[in-house]
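Input: a single structure, listed below in C-alpha cells.
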Amino acid sequence: IENGAMITQTSRWPLLIDPQLQGIVWLRKRENMAADRKALAMREEAIAAGEDPNLIVVSSNLITLQLSNNNWLKRLSSGIANGNTVIIENCPVDLDATLDPVLQRAIYKKGRNNFLQLAGEELEYDKNFKLFLQTKLSNPHYKPEIFASCTVINFIATESGLEDQLLAKVVNVEKPELEAEKQLLIKQFNEYKIKLLELENNLLEKLSNAPEDILSDIPLVESLEATKLAATEIQAAVIKGKKTEILINQAREVYRPVASEASMMYFICTEMCNIDHMYQYSLGAFTYFFFKSIAKTPPEEDIAKRVVALTDSMRFTIFTWVCRGLATEHKIVYMTQIAVKLMQRGSLEEKFDHESFNFLMRGQKSLGADNSVPWLPTINWLMVNSLAKIEGFEKFPSDLVEAAPRFLEWYNHETPETEKLPLDWSGLEKEPFKKLLVLRALRADRLVIAITRWLRGALPHGNEYVDADSTNSSLRILELAIEDSMPEVPIFFILSAGTDVVADVDKLAVQSGFEKGISYWNVGMGQGQDIVAMDRLQLGHTQGHWVILNNCHLMPQWCIELEKKLDTFNVEGSHESFRVFLTAEPSADIPIGILSRCIKLTSEPPAGLRANLKRAFCSFDEDDFDELDNKQKAITFAMSFYHAILMERKKFGSKGFNMLYPFSLGDLRDSSIVLANYMENASSSKIPWEDLRYLFGEITYGGHIVNDLDRLLNITYLNFYLQDDVLDQKEMLPFVEDEKGVSFKTPIPTTWELYNKHIDEYMRTESPLAFGLHPNAEIDFRLSNSNDVLARLTELQPRDAGAAEGQLTPTEIAEQAMSDIKDKINDFWFDMFELNSSLEGDLRGPYQNVFLQECTIMNLLTGEMRRSLKELKMGFDGELIMSPVMESLMLSLYLDRVAQPWAKLAWSSERPLAAWILDLLKRYAQLAEWTAVPADIPQVIWLSGLSNPPSFLTAIKQVTAQKAKLPLDSIVIQ
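Structure (C-alpha cells):
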C-alpha cells in the first residue's frame, strides 16, 4: 500500500527496484484496469445517448519498452507526444544519457504548449504522459543524478511479507474453503469502510445545506436516523466479522511453519547470486516448485504430522531444484547456509550462537599467553586464544598445553574430525557444531569434510541432502528437469570444461521421438545465428519441436530478445511439446531475466572419490547393467572406479597431473561400448586384459594425455585395476596393507542396486592413499577449499544484521578496521623530489636506485590505501553511494583479508590483513631509516622486506663488478 501511494503521489518519476516482478505486475494490472474503467464509462454514456455500446473500443494506454530495443527512442517519443504511460523495464545501472531531459523534466513553454528536447528533436509534451522505470537488479548502484531525478521505490519482498503470501497459497491448497472465507471477509471489510465513508459524506453534505431549525427538516431527521441505523448494523457486522477472522486466522496459523520456512528458502536462493551471477531465481519459478512440493507430499490425517511432512517436502524439493544448477564447490555452501538459517530459527537440536558462528567464518586471531606448544604453528595458537573468548572454551588453551602429547596424537590423525578430542573435550561429540570451532583453530584443512559430516547429522534427513542425485545419471536428471520445464521455461546448462551436455539432449530427443533436423534443432550461437535461432524457435513454438541454442554467452544481449520472444509465445500459447534448451559458460553479461526463468543444470563432476564413483557407476542404466555377464559387470565397476580416480586426482593440482585433462563421462561410456564389442567378439573365454588396457589407456582416456609421465601414471593405474582378481573382492586402494581402516574392495559381481549399496557401506572415508599419494598431499588443497567455502559463506551473511548483544556487526567491524589502518598509515609518504635532489651526482648508485624504486612503490601502495579508505569512510557516512568496489573493500576488512587493489600494488603475500599491516609497518620503517641518510647504505638489509628483492641482489652484482672491473655476467651470488 505504501509503495502504491508513493507511485501515485510522487512528483518525480518512480524507479522500481523489483527483482521479484511484483511491482511491474501491479503496474500493468493498474493501467489495464484504468483502461477498463474508461471503457465502462464510455459505454454507459453511449447507452444514455441511445448509441450501441459494443462499438466502443478502448485500447490500453500503456507502452512497455526496454533500452535494449532498437526502436525504444521512437516509442518513447511517441508516448511523450501522445500522453501515454511508458514503462521502461530492466533498466541497467548506467542509463542512457539521452533519457536525462525526460528524467529531469526539462520542459519549456512555447505559446500555449509544453515542449521537451529529446535526442536533438523538439517534442510536444502531453501533460498526461507518465513514466515508470523498473530494474530486476536487487542491489543496483545508480549514480546520484538518478536518485535526484527519480523516486526510488523498493519492491523487494520482505521475508515476513513473502511468508504471508505463501501462507495464503498453502492454505488455499490445503483448506481452500478457509482461504475463500478469509478473502470474502477482507472484501466485506473493505465494502463496510466504503459504505461508512459514503454515509458520512452524505450526512455532512445534508448538514451543510440544512436550515437553521434542523428539527423542522423531516427528510434530514429521517436521513440521520437511517445513517445511525446503518452505522450500527455495519459496526455489529464488523465485530462479528472480526471474531470470525480470529477463528479463521487461528486455523490458518497451523500452516505458518511451512510458509515461514519456504520464505526462508526463497531468500537463501536469492542470496546465492552474491557468489555467482548465474544463480538467479525468480519468485514465479520458486512458487512452481513450492506447489509441486505440496502436491507430492503423501496424505496425512494428523494435521501436525501433515505440516511437518509439507515442510520436509518443500525444503528438499527447493534444495534439489537449486542444487542441480550449482557448481560443485558451491553446493556445500548452499547446504551450510540452510543449516545455519534453520539453527538460527531454533529448528535444529544445537542452538545458534553468533559469536561461535563468527569465529567459524573469520577465524579471528588474538594475542595472549606465549605459545607453549612446540608442534603448534603460531597462527593456530593465536586462533586458540580467540577461541578461549567463546563461552565454554575458556579452559581450552590451558588444557591444550597440559595435554599436549594427547592433542598432538589427535592433531596428526589423518581424519581428526572422526576422532574424539582428549580430556573432557570428548564431550563435543554431542555438540558437533562446537567441534567445528576446534577444527577451525587447529586443523582448518579438514573443515569442509567436517562440515559435510555435521550436515549429515544436523539437517533433517541430512544424508538425502548430502547425497542428492548421487544415484541419478545426468540423463535421468535431464529427464526430471524436462518434466518441470514448460514451453516458456527453458532448461539452461551451465557449461564446464570437458563436458558434453548436448549428447544427453540428443539421446533424450531420440527417445522422445524427435528427429534431428526435422523436429529437433541444434543451433550454435554466434555472428549471424540470431536470425536462424529465431526461425527455429518460431517453428518449434507452432509445431512443438525441441530447440537447443549452444554457447549463448557469445551473444548475451540477444538473450534479452529471446526473453521477449518467450513471453510472446506464452501469450499466444505454444505447442505443449515445444521445449527450449540453452547452453552457456558462466558470464556476468547474461541477462538476469533469462537466467531467473530457466531451470539450471550443471554437469561438473562432484567433490570426493565416493561421489565421483557413484556418479560414474550410476551413469549406466540399471536394467542394461543387470543384463551383463559377471565379467563385464566386474570390469565396468573397475572402470568406474578408475574414472573416479582420474577425475578426483585433478584436485591435487600439480601433484595429481602435470597437466589438466578434460576427462568426462563420455570417455567412460565409450569405454563401456568398446568393452561390450570386444567381449562379444572375443574368441575365447579368457579376458583380453592387455588389449583392454591398451584401448582404454592409450586411446579412450590416453587420447587426452600428452605428458609422458602422466601417460605412465595412467597405464600404471590400469595395470593395477584390470586384473583377474577384480572378479573376486580385489583391493582397489594401492599400498594400504599396513594402513588401519583404509580399504575398499570390489564386491563379487552382483546387481546394479547392490553395487550402489556396497559403495555406500564400504567407502566411508577418503584418503590420498587411494590415489597412491602420501596422506599430506591433500593438505594444500583442503586448506584452500576450506578458506574458499568460508569466504563464500561470509559473502552470504547480511552486512548490517544485528549481532548478539555486546558484539559488533560486520559493517562495524569493517569500520573499526578502516579507522585503525588509516591511523597507522596516515603519515606514510616519501618526498621523491627531495630524495632525488639529495642524490645528485656520484651519490646515486645502484643501491640508491633500488631504494628509490622501493619508496616509489610504497608511495603508490599507501596512496591507494588512503584513497580507498577515505572513499569507504565517505560511503559509511552517507556522502557517497556504496559502489561494488567499496563493498568489496568493506568485505575484505571484515574478513581480515588484503583487498585486491592493494595486493596488486604490493608484494606477494598470503598473510591475513592484520599480519599484512604489521609487515607493511616494518617495511616502511626500513625505508624510513634509509631516507634519513639516503647516501649511506644500511649495514643490515631485510631482503624479504623489499617489494623486489632480486633488484637488490642485482645491485650487489653491479657494485661488485664495478669495483673489481669485471663483466656483470661473470658475477654470481651463491
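In our numbering, the protein residues as written are 12 to 985.
Every residue gets a Cβ at the ideal spot worked out from N, C-alpha and C, and that includes glycine.
From a predicted model like this one, the values you see are computed outputs, not experimental measurements.
Assuming residue i and residue j are in contact, meaning their beta carbons sit under 8 Å apart, how far apart are those beta carbons, in whole angstroms?
i    : j    : result
I245 : K206 : 6 Å
S71  : N101 : The pair is not a contact, with the Cβ atoms about 20 Å apart (cut-off 8 Å).
L871 : E882 : The pair is not a contact, with the Cβ atoms about 17 Å apart (cut-off 8 Å).
T594 : F504 : 4 Å
R23  : S293 : About 28 Å; that fails the 8 Å criterion.
K642 : F636 : Not a contact, Cβ separation roughly 13 Å.
A320 : E311 : 6 Å
A655 : L620 : 6 Å
Q31  : A168 : 5 Å
What do you get for residue i, buried or exposed, if any count of 16 or more other CB atoms within 10 angstroms of its CB means buried?
i    : result
K316 : exposed
A159 : exposed
F844 : exposed
T873 : buried
V951 : exposed
H785 : exposed
E202 : exposed
V181 : buried
D678 : buried
D961 : This sequence places Pro at residue 961; Asp is not what is there. Exposed: under 16 other Cβ atoms inside 10 Å.
E190 : buried
K933 : exposed
Y6   : No answer is possible for residue 6: the residues shown for the chain start at 12 and end at 985.
F746 : exposed
A693 : exposed
K976 : exposed
I710 : exposed
G537 : exposed
P230 : exposed
S981 : exposed
M743 : buried
D515 : buried
E865 : buried
Near residue i, what residues of its chain come up, given a Cβ to Cβ distance below 6 Å and the 5 sequence neighbours on each side ignored?
i    : result
Y290 : M283, C284
G813 : The pLDDT assigned to G813 is 48, lower than 50, so where the model puts this residue is not dependable; a value taken from the coordinates is nonetheless given after this. Nothing listed; no residue qualifies.
P602 : C570, I571
K253 : none
L738 : A645
Tell me which residues share the same chain as residue i and place their Cβ nearer than 7 Å to its Cβ, disregarding the 5 neighbours each side in the sequence.
i    : result
R722 : G713, I716
T510 : S614, S675
A415 : V384
L801 : M372
W927 : V909, S920
Residues in the same chain with beta-carbon distance under 8 Å from residue i, minus the five sequence neighbours each way, listed in chain order, please.
i    : result
T389 : N382
F731 : P745
If we count Cβ pairs, one from each stretch, closer than 8 Å, do we get three or more for the stretch 342 to 358 versus the stretch 419 to 436? Touching, no, given that fewer than three Cβ pairs across the two stretches are closer than 8 Å.
Kindly confirm or deny that the stretch 457 to 474 and the stretch 343 to 350 touch, where touching means at least three C-beta pairs closer than 8 Å. Between the stretch 457 to 474 and the stretch 343 to 350, the count of C-beta pairs closer than 8 Å reaches three or more; the two stretches touch.
Three-pair Cβ contact test at 8 Å for the stretch 156 to 175 versus the stretch 23 to 34: The stretch 156 to 175 is in contact with the stretch 23 to 34.
Runs of 4 residues minimum, wholly inside the stretch 537 to 619: which ones carry the alpha helix (DSSP H) assignment? With a minimum length of 4 residues, the continuous alpha helix (DSSP H) runs that stay inside the stretch 537 to 619 are 540 to 554, 569 to 583, 603 to 608.
Between the stretch 451 to 462 and the stretch 368 to 378, do three or more beta carbon pairs fall short of 8 Å? In short, these stretches touch, since the Cβ pair count reaches three.
Restricting to runs no shorter than 4 residues, where is the alpha helix (DSSP H) found entirely within the stretch 814 to 868? For the stretch 814 to 868, whole alpha helix (DSSP H) runs of length 4 or above, ordered along the chain, are 821 to 836, 843 to 849.
Does the stretch 577 to 597 touch the stretch 542 to 561, meaning 3 or more C-beta pairs lie closer than 8 Å? By the Cβ rule, the stretch 542 to 561 counts as touching the stretch 577 to 597, because three or more pairs are nearer than 8 Å.
Output the residue ranges of the alpha helix (DSSP H) runs that lie fully inside the stretch 627 to 694 and measure 4 residues or longer, sorted by chain position. Segments of the alpha helix (DSSP H) lying fully in the stretch 627 to 694: 633 to 637, 641 to 660, 676 to 691.
Whether or not the stretch 825 to 840 and the stretch 900 to 916 are in contact is what I'm after, with contact meaning three or more pairs of Cβ atoms, one per stretch, closer than 8 Å; do they touch? Yes, since at least three Cβ pairs between the stretch 900 to 916 and the stretch 825 to 840 fall closer than 8 Å, the two stretches touch.
Pick out the complete alpha helix (DSSP H) segments inside the stretch 730 to 811, 4 residues or longer, and give them in chain order. Counting whole runs of 4 or more residues, the stretch 730 to 811 contains the alpha helix (DSSP H) stretches 763 to 773, 790 to 806.
Three or more C-beta pairs under 8 Å: does that hold for the stretch 104 to 118 against the stretch 255 to 269? Contact fails: fewer than three Cβ-Cβ distances are below 8 Å.
The stretch 935 to 948 contacting the stretch 851 to 861, beta-carbon criterion three pairs below 8 Å: These segments touch.
May I ask you to verify whether the stretch 80 to 90 touches the stretch 128 to 148, counting CB pairs closer than 8 Å and requiring at least 3? Yes, they touch.
Contact between the stretch 457 to 466 and the stretch 484 to 501 is defined here as three or more beta-carbon pairs at a separation below 8 Å; is this criterion met? By the Cβ rule, the stretch 457 to 466 does not count as touching the stretch 484 to 501, because fewer than three pairs are nearer than 8 Å.
Run through the stretch 137 to 206 for me and flag every whole alpha helix (DSSP H) of 4 or more residues, listed as ranges in chain order. If one requires a minimum length of 4 residues, the alpha helix (DSSP H) runs lying completely within the stretch 137 to 206 are 155 to 160, 170 to 185, in chain order.
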